[in-house]
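Novice: Quick note on UniProt numbering: the sequence shown kicks off at 1 and runs consecutively.
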Amino acid sequence: MAHEHDHTPTGAHHDEEIYDFAAIQAKWQPIWEELEPFRTNDPDDTRPRKYVLDMFPYPSGDLHMGHAEVYALGDIVARYWRQQGFNVLHPIGWDSFGLPAENAAIKRGIDPRGWTYDNIAQQKKSMKLYAASFDWSRELHTSDPEYYKWNQWLFLQLYKKGLAYRKDSWVNWDPVDQTVLANEQVLADGTSERSGAVVVKKKLTQWYFKITDYADRLLDDLNQLEGTWPAKVLNMQRNWIGRSIGADVDFVIEGRAERVSVFTTRPDTLFGATFMVVAPDADLAAELVADSSPEVKARFQAYLVKVQNSTEIERQSTDREKTGVFLERYAINPVNGERMPIWAADYVLADYGHGAVMAVPAHDQRDLEFARRFDLPVIVVVDTTAPVTGMIPVITPEMLAGTEELPTPDPVATPDPAATGIALAGEGRLINSGALNGLSKSTAIKRIIDQLTADGTGRAAKNYRLRDWLISRQRYWGTPIPIIHGQDGAEIPVPEDQLPVLLPPTDGLDLKPKGTSPLGGATDWVNVPNPIDGTPARRDADTMDTFVDSSWYFLRFLNPNDDTRAFDPREAEKWAPVDQYVGGVEHAILHLLYARFMTKVLFDLGHVSFTEPFTALLNQGMVILDGAKMSKSRGNLVYFTEEVDRFGVDAVRLTMAFAGPPEDDIDWADVSPVGSAKFLARAWRMARDVTSAPDIRWKTGDASLRRVTHRFLADAPGLIESFKFNVVVARLMELVNATRKVIDTGAGPADAAVREAAEATAMALNLFAPYTAEDMWQRLGYEPCVALAQWRKADPTLLVEESVTAVVQVDGKVRERLEISPKIAGDELERLARASAPVIKAIGEREIVNVIVRAPRLVSIVTRAV
């Protein structure tokens with residue numbers, strides 16, 4: 001590894017001018033600062049537009065190696081489209097509200113504002129050094145009142161549309177950060193993605209956005225993104241929304257006037273439903289046990305406490321013994337009138353369907369385990385041994401009318417789950433199900449839904465895994481919710497002309513997490529007159545989830561300094577949706593889902609004309625070290641500033657692009673910024689060595705080098721657009737090597753083809769190594785900026801190969817290589833191969849038994865002994 005301050009490339013002569021990356025960076029940074037080449041606010045610019053956006057950073061400290069990757073990759077795309085003649089919007093800002101800043105401020109005893117904006121200043125300095133082609137005039141911070149005013153405005157629009165509401169519910173509670181979490185913020189192991197604590201359930205009054213109203217659109221519109229979003233992300237979104245098709249079945253509960261609706265994907269198995277299970281933490285369970293005996297109430301209450309201290313992962317585990325409490329209540333099966341005992345059990349979740357399920361133990365493993373544990377009936381209603389296709393006995397009109405039973409397969413052949421302990425989950429034909437007997441699953445489902453609908457005891461229905469978006473947080477550093485609560489409990493929206501509702505100063509506030517928002521302690525702030533009648537009222541003391549901030553920030557970039565509206569619809573019509581979004585796959589569910597929801601809401605409100613925010617998505621992998629994720633606890637951090645100081649910005653950026661496909665992880669131990677620095681020095685010296693004038697006629701140059709240059713110019717755009725950045729870098733290295741060979745021989749530096757190749761190299765390097773590219777461009781006689789130079793079109797006459805190499809094999813061994821025309825006919829190629837002296841010698845006295853010709857590349861001759 002090169003010494004930190006040694007910028008001398010290997011092989012350089014000290015009497016020559018040296019490639020000094022630090023000097024080049026210091027030279028061009030102030031020039032770019034003055035020129036502002038990437039501003040996009042010229043109303044007379046008639047170029048077609050592209051909107052390229054990188055997921056904006058959270059200001060937790062200086063930039064890290066993950067930032068180095070994502071901003072290198074996004075910048076390649078932005079710079080490429082400029083060279084293709086587009087006016088490219090490429091903005092930057094900071095996602096600056098949130099728990100990490102608040103926790104850091106509490107730990108240090110400071111205001112989160114100071115910590116946040118100091119970090120932004122440091123990141124901005126590093127970002128400018130990193131030379132991403134941002135339009136800095138559009139910079140925004142989500143913690144500025146000028147931004148969060150419009151969060152509050154959006155909240156009010158959703159509130160007016162009935163999409164923002166407040167209710168009591170069981171929520172995910174982080175016991176360390178003392179705040180609620182959305183389902184998406186609870187990791188697979190049941191811990192908080194924020195603090196790492198095991199998440200528990202707590203009943204609170206919370207604000208929600210009604211994202212479930214958009215479940216079908218969020219799911220179906222993913223089809224628009226096929227081919228432009230990674231398939232992995234589309235699948236993650238589909239699975240999270242989790243649409244199930246089935247039926248809502250209405251059950252009469254003895255002693256209860258109102259029926260209970262239960263969702264099931266298998267209404268065809270209703271005849272096999274032998275008991276009902278209610279989630280212990282569902283409101284229904286509390287209601288059903290309210291009139292029970294003291295013993296039942298006590299057992300239920302003890303069980304509820306136990307369940308509340310369990311994670312959803314534990315409750316859903318398949319290897320736990322089933323537990324439950326009989327509520328001493330009964331439901332009536334609507335298809336056969338049988339009484340079904342009602343149990344509370346933790347394997348049913350309060351937010352699935354309606355918080356209750358009909359248990360069909362013969363055909364559901366969890367129900368079967370519960371039935372065996374508590375000795376409940378198990379009735380088989382699907383014969384999984386019966387064929388579901390092919391011939392079945394003739395069905396008469398009487399059978400269809402229900403006056404004659406359909407033929408039933410021999411029940412003796414069907415395994416008994418009560419004995420085996422294995423539920424029958426496969427396909428088959430219905431048995432023990434009255435008029436459904438003999439029908440396949442799909443036919444039976446349609447028939448039973450029709451019957452339930454006709455009887456008024458059910459209907460076709462859909463259910464979703466997706467739950468409404470819980471947006472309220474019991475913390476200080478976020479957007480205040482613009483609602484005032486009257487003495488009578490009324491919710492009064494803050495008038496829009498009174499926005500923003502500003503966060504109060506932290507003076508005198510205790511920001512430590514304690515289960516309620518610190519804002520409740522800001523007496524002068526929280527106590528306000530009711531805007532309707534002037535009576536005493538209180539502001540809502542919760543703040544919004546920071547995912548609200550990032551759900552629409554791409555629109556605020558269109559006019560971030562406009563204090564009259566969130567964004568200008570005319571600007572949205574010009575620029576949006578985002579043409580290319582770049583960021584980590586860790587945001588595949590939360591952020592992307594919320595941004596898609598908010599876009600659809602804004603479409604319905606008439607503010608935008610599109611329904612998807614990000615037309616194309618590029619996910620980058622992680623930067624790791626020695627196969628492990630970098631972290632302070634592991635002691636394996638690679639620091640951004642140290643790598644940039646050691647190798648230079650361009651070498652780090654080039655290494656990120658060259659490491660492999662963007663979606664793959666980059667192991668910093670396996671890559672070579674040293675090699676990247678050596679290549680950049682080689683390319684830079686190539687421009688320095690050119691002696692011909694910019695106006696030289698390129699057609700007079702070395703024809704072979706010109707073909708290499710024009711093949712690169714022709715191939716690079718397609719490779720960039722398919723994100724094969726590493727291949728482009730490899731091809732660029734080949735071009736530099738080919739140019740170096742011509743410089744060192746023949747006409748050398750004065751050759752017109754050398755200048756042409758050097759200019760093409762500088763233009764291409766602009767994508768990966770902007771400082772080196774700009775310095776090369778100046779040395780080649782041009783004014784800045786190379787980033788605005790248009791990509792040159794390849795000359796089609798130079799893309800035609802004058803000759804190709806044909807390989808001649810004899811019995812599998814290469815015996816000759818022939819330089820021939822790419823248009824040669826097969827018989828002519830065979831004749832040349834047979835006439836070759838090495839081939840004749842290899843064949844000798846042996847007999848030719850087969851000749852395979854693949855013109856113009858291959859001749860394979862097969863022989864045998866005579």
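Glycine included, every Cβ here is placed at the ideal spot set by N, Cα and C.
Can you have a look at Arg815 and say buried or exposed, based on whether 16 or more other CB atoms are within 10 angstroms of its CB?
Specialist: Burial call: buried.
Novice: Does the beta-carbon of Gly606 have 16 or more other beta-carbons within 10 angstroms, so that it is buried, or is it exposed?
Specialist: Exposed: under 16 other Cβ atoms inside 10 Å.
Novice: What would DSSP say about Asn172, mapped onto helix, strand or coil?
Specialist: Looking at Asn172 - three-state DSSP - the assignment turns out to be strand.
Novice: When the distance is taken between beta carbons, is Leu780 closer than 8 Å to Val690?
Specialist: Yes, the pair counts as a contact, with Cβ atoms nearer than the cut-off.
Novice: Please determine, among Phe21, Ile743, Asn87 and Leu832, the residue with the shortest C-alpha to C-alpha distance to Asp135.
Specialist: Residue Asn87 is the option with its Cα nearest to Asp135.
Novice: So which of Arg113, Gly98 and Glu847 has the shortest CA-CA distance to Ser550?
Specialist: Ser550 has its Cα closest to that of Gly98, out of Arg113, Gly98 and Glu847.
Novice: Taking the CB atoms as reference points, tell me whether Glu756 and Trp684 lie closer together than 8 Å.
Specialist: For Glu756 and Trp684, no; Cβs fall outside 8 Å.
Novice: Mind pulling the beta strand (DSSP E) runs of 3 or more residues that sit fully within the stretch 745-816?
Specialist: Listed in chain order, the complete beta strand (DSSP E) runs (minimum 3 residues) inside the stretch 745-816 are 804-810.
Novice: Touching or not, the stretch 719-726 and the stretch 656-676, by the rule of three or more beta carbon pairs under 8 Å?
Specialist: Taking 8 Å as the limit for Cβ pairs, the verdict is that the stretch 656-676 does touch the stretch 719-726.
Novice: Hey, quick one: how far does the alpha helix (DSSP H) through Gly66 stretch, first residue to last?
Specialist: From DSSP, the alpha helix (DSSP H) with Gly66 extends over Met65 to Gln83.
Novice: If the criterion is Cβ atoms closer than 8 Å, does the pair Ala541 and Ile484 meet it?
Specialist: Their beta carbons are not under 8 Å apart, which means Ala541 does not touch Ile484 by this criterion.
Novice: According to the neighbour-count rule (16 or more other Cβ atoms, all chains shown, within 10 Å of its Cβ), is Tyr553 buried or exposed?
Specialist: Result: buried.
Novice: Could you tell me if Glu69 is buried or exposed, where buried requires 16 or more neighbouring beta carbons within 10 angstroms of its beta carbon?
Specialist: Glu69 comes out buried.
Novice: Which full runs of the alpha helix (DSSP H) of 4+ residues lie inside the UniProt domain "Leucyl-tRNA synthetase editing" (238-384), going along the chain?
Specialist: Whole alpha helix (DSSP H) segments, 4+ residues: 283-289, 294-308, 312-316 and 365-374.
Novice: How many Å lie between Trp173 and Ser517 at the Cα?
Specialist: Rounded to whole angstroms, Trp173 to Ser517 spans 14 Å at the Cα level.
Novice: Helix, strand or coil: how does DSSP classify His90 here?
Specialist: DSSP places His90 in coil when its eight states are reduced to three.
Novice: Would Arg706 pass as a contact of Leu765 if the rule is Cβ separation under 8 Å?
Specialist: Their beta carbons are not under 8 Å apart, which means Arg706 does not touch Leu765 by this criterion.
Novice: Kindly indicate which three-state DSSP category Val728 falls into: helix, strand or coil?
Specialist: If DSSP states are grouped into helix, strand and coil, Val728 belongs with the helices.
Novice: If you reduce the DSSP assignment to three classes, tell me which class Glu573 lands in.
Specialist: Correct three-state label for Glu573: helix.
Novice: Ala121 and Leu511 - do their beta-carbons sit closer together than 8 Å?
Specialist: Not a contact, by the Cβ cut-off of 8 Å.
Novice: Between the C-alpha atoms of Glu295 and Ala285, what's the straight-line distance to the nearest angstrom?
Specialist: Answer to the nearest angstrom: the Cα atoms are 15 Å apart.
Novice: Does the beta-carbon of Ile395 have 16 or more other beta-carbons within 10 angstroms, so that it is buried, or is it exposed?
Specialist: Here Ile395 scores only 49 on pLDDT, less than 50, and its place in the model should not be relied on; the value that follows carries that caveat. It counts as exposed.
Novice: Under 7 Å: does the beta carbon of Gly61 sit that close to some heavy atom of the ligand ADP?
Specialist: As for the ligand ADP, it is missing from this structure, which has no ligand bound.
Novice: Is the CB-CB distance between Ile471 and Asp545 below 8 Å?
Specialist: Contact flag set, yes.
Novice: Along the alpha helix (DSSP H) that carries Asn103, what are the first and last residues, could you check?
Specialist: Unbroken alpha helix (DSSP H) run through Asn103: Leu99 to Arg108.
Novice: Return the residue from the list Asp367, Glu783 and Ala681 that minimises the CA-CA distance to Thr772.
Specialist: Taking only the C-alpha atoms, the option nearest Thr772 is Ala681.
Novice: What residue range is occupied by the uninterrupted alpha helix (DSSP H) comprising Gly114?
Specialist: Run containing Gly114: Pro112 to Tyr130, per the alpha helix (DSSP H) assignment.
Novice: Pick from Ile92, Ala616, Glu254 and Thr543: whose alpha carbon is nearest that of Phe557?
Specialist: When only C-alpha atoms are compared, the closest one is Ile92.
Novice: When the Cβ atoms of the stretch 251-263 are set against those of the stretch 329-337, are three or more pairs found closer than 8 Å?
Specialist: In short, these stretches touch, since the Cβ pair count reaches three.
Novice: What separation, rounded to the nearest whole angstrom, lies between the Cα atoms of residue 889 and Pro37?
Specialist: Since the first residue of the chain shown is 1 and the last is 866, residue 889 is not available in this structure.
Novice: Identify which residue in Gly648, Leu154, Thr641 and Pro175 has its Cα closest to the Cα of Val548.
Specialist: Among Gly648, Leu154, Thr641 and Pro175, the Cα nearest to that of Val548 belongs to Leu154.
Novice: Tell me, which residues are paired with Ile820 by DSSP?
Specialist: Per DSSP, Val804.
Novice: With DSSP as the reference, label Asp220 as helix, strand or coil.
Specialist: Helix, per DSSP.
Novice: Got a sec, what are the start and stop residues for the beta strand (DSSP E) Asn527 sits in?
Specialist: Asn527 to Pro529 is the span of the beta strand (DSSP E), which, as asked, contains Asn527.
Novice: Can you give the Cα-Cα distance for Arg731 and Val708, rounded to whole angstroms?
Specialist: Between Arg731 and Val708, the C-alpha separation is close to 9 Å.
Novice: For the stretch 151-208, list the beta strand (DSSP E) runs that are entirely contained and at least 3 residues long, ordered along the chain.
Specialist: Here the runs fully enclosed are 164-174 and 179-181.
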